[in-house]
Amino acid sequence: LPLPAPRRIKALAQDVVNKIAAGEIIVAPEHALKELIENAVDAGSTSLEVVVKDGGLKLLQITDNGHGIDAKDLAILCERFTTSKLKAFEDLSSIGTYGFRGEALASISHIAHLSVTTRTKESSCAWRAHYADGKLVSSKPGQSAEPKPIAGRGGTQITVEDLFYNVPSRRRAFRSASEEYAKILDMVARYAVHCAGVSFSCKKYGASTADISVPTAAGTLDRIRQIHKATVANELVTLHAENERWGFKCEGWISSANYSAKRTTLLLFINHRSVESTIIKKAVEQTYATFLPKSGRPFVYLSLDIEPARVDVNVHPTKREVHFLNEDEIIAVICDEIRNSLSKVDTSRSFMTQS
Ligand code: ADP
Ligand code: MG
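So in UniProt numbering, spot 100 of the sequence shown is number 122, and the numbers just go up one at a time.
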């Protein structure tokens, strides 16, 4: 049989490409929220309020009191690769903030209705703008797409509505709003523990009480106590590890041998970004295994500062796992410190009961 003639290769339409790319970066509402929280924190905010409807699929709104966005920048705010955080490729290795390299808001604008209200210190009013597919659009037919001056406080409010409205397959993949809301709460809780000096609240749209609420002044242990309850907080000890050769520093709160849960809670931050690391989780669980009952698992909050040049910041944003140089050595130092601290607490207890 003769082979069939090859079909000609054609480029997908740009809007299809944009939607595919955005849907890979923002897989679930929690991913959009994570980016918005990081932006608010990067803007120097000390207060951050989150409101959620239908697990974030209907509404995701975040209000901060940070430095705001210059009205002159609103036109390009949601274009792909527009950022105020790095200018040259070399900066990729030295920036303190990293993440989506100007892709977050662009992505969201391709798969949701996005609006922004913002006011800088210098501005005499706030500005509101609406976006679709990376560009300014009007909020009502027949009106101009230009940002409009309105009354408002300093800071930024980002409103994301109808996430995945134009990606029906993705939209159908969500089974329950409460499952998505739980993931959102988990994400807010992580940043609420980590970001000392910033107040956080998170509630459902229309609810009178917040599900997470942490005041600005709360220290890290208080934050953990409010979110994870006293049963966890009462059993925590501090952790400190650092090593010049491997270029890192680590601070944290870890549960003692008196605490044990069904599942590990690992709040892991690397250079102030919440990240996942299977190998850190495994190593931590192994370290605890000799101190806890057979099926017992720890609570561990770790904040790692690694010289930015050693962290692979350029991994594709769809990869939630982060990697860095000398991973094994750094993990070994941290686990040694955990082991030290667990055995210290142990001996002081037995010493106390003996005397
Ligand atoms: P990136 O954070 O990688 O720069 P984003 O798409 O998340 O990319 O944001 C683009 C730009 O929009 C940021 O660099 C920042 O200047 C501005 N921005 C976004 N959110 C806020 C905010 N809440 N407050 C102030 N500026 C913001
Ligand atoms: Mg960002």
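By construction, the Cβ of each residue, glycine as well, lies at the ideal position given by its N, Cα and C atoms. What you are looking at is a predicted structure, and each value in this text was computed from that prediction instead of being measured.
Using alpha carbons as the reference points, say which of the options lies closest to residue i.
{"i": "Gly176", "options": "Pro190, Leu207, Glu144 and Asp155", "result": "Glu144"}
{"i": "Lys226", "options": "Gly241, Ala240 and Val210", "result": "Val210"}
{"i": "Arg295", "options": "His53, Glu266, Tyr203 and Ala128", "result": "His53"}
{"i": "Glu307", "options": "Cys147, Val333, His135 and Ile356", "result": "Ile356"}
{"i": "Gly69", "options": "Glu359, Phe222 and Thr287", "result": "It should be noted that the sequence gives Ser, not Gly, for residue 69. It is Phe222 whose Cα lies nearest to the Cα of Ser69."}
{"i": "Arg285", "options": "Ile352, Lys303, Phe291 and Asn293", "result": "Lys303"}
{"i": "Ala43", "options": "His250, His345, Ala305 and Arg192", "result": "Arg192"}
{"i": "Ile246", "options": "Ile91, Gly45 and Phe321", "result": "Phe321"}
{"i": "Gln83", "options": "Thr139, Cys100 and Pro171", "result": "Thr139"}
{"i": "His132", "options": "Ala97, Ile91, Val182 and Pro171", "result": "Val182"}
{"i": "Glu329", "options": "Glu343, Leu347, Tyr323 and Gly318", "result": "Leu347"}
{"i": "Tyr153", "options": "Cys147, Asp208, Ile59 and Pro169", "result": "Pro169"}
{"i": "Cys147", "options": "Ile172, Lys75, Ser106 and His135", "result": "Ile172"}
Looking at residue i and the ligand MG, is the gap between the Cβ and the nearest heavy atom below 8 Å?
{"i": "Asp64", "result": "yes"}
{"i": "Leu127", "result": "yes"}
{"i": "Asn61", "result": "yes"}
{"i": "Val57", "result": "At residue 57 the sequence reads Glu, which differs from the Val that was named. At least one heavy atom of the ligand MG is nearer than 8 Å to the Cβ of Glu57, so yes."}
Does the ligand ADP have a heavy atom nearer than 8 Å to the CB of residue i?
{"i": "Asp86", "result": "yes"}
{"i": "Leu261", "result": "no"}
{"i": "Asp76", "result": "no"}
{"i": "Ser223", "result": "no"}
{"i": "Leu99", "result": "yes"}
{"i": "Ser67", "result": "yes"}
{"i": "Ile91", "result": "yes"}
{"i": "Ile47", "result": "no"}
{"i": "Thr286", "result": "no"}
{"i": "Asp95", "result": "yes"}
{"i": "Ser106", "result": "yes"}
{"i": "Gly177", "result": "yes"}
{"i": "Gly219", "result": "no"}
{"i": "Ile133", "result": "no"}
{"i": "Thr140", "result": "yes"}
{"i": "Gly124", "result": "yes"}
Query raised in the report: What residue ranges within the segment 37 to 90 form continuous beta strand (DSSP E) runs of no fewer than 3 residues, ordered along the chain?
Result: Secondary structure in the segment 37 to 90: the beta strand (DSSP E) runs of 3 residues or longer, each lying completely within the stretch, are 69 to 75 and 81 to 86 in chain order.
Query raised in the report: Is there contact here, the segment 161 to 180 with the segment 210 to 225, by at least three beta-carbon pairs under 8 Å?
Result: The answer is no - the segment 210 to 225 does not touch the segment 161 to 180, with fewer than three Cβ pairs under 8 Å.
Query - Cβ contact (3+ pairs, closer than 8 Å) linking the segment 24 to 35 and the segment 179 to 194 - result: No, they do not touch.
Query raised in the report: What are the complete beta strand (DSSP E) segments, minimum 3 residues, inside the segment 137 to 177?
Result: Counting whole runs of 3 or more residues, the segment 137 to 177 contains the beta strand (DSSP E) stretches 148 to 154, 157 to 159 and 170 to 172.
Query - Those runs of the beta strand (DSSP E) which lie wholly inside the segment 202 to 284 and span at least 3 residues - result: Runs of the beta strand (DSSP E) inside the segment 202 to 284: 221 to 226, 234 to 236, 258 to 265 and 270 to 277.
Requested in this report: Please confirm if the segment 222 to 240 is in contact with the segment 260 to 269, defined as three or more CB-CB distances below 8 Å between the two stretches.
Outcome: Judged by Cβ distances under 8 Å, the segment 222 to 240 makes no contact with the segment 260 to 269, as fewer than three pairs qualify.
**Report entry** Cβ contact check for the segment 77 to 92 and the segment 188 to 202: 3 or more pairs under 8 Å
**Finding:** Per the Cβ contact rule, the segment 77 to 92 is in contact with the segment 188 to 202 (3 or more Cβ pairs under 8 Å).
Requested in this report: Could you tell me whether the segment 272 to 279 touches the segment 306 to 322, where touching means 3 or more Cβ pairs closer than 8 Å?
Outcome: Contact between the segment 272 to 279 and the segment 306 to 322 is present: three or more C-beta pairs spanning the two stretches fall below 8 Å.
Requested in this report: Count the CB pairs spanning the segment 84 to 94 and the segment 238 to 253 that are closer than 8 Å, and state whether there are at least three.
Outcome: The segment 84 to 94 vs the segment 238 to 253: no contact.
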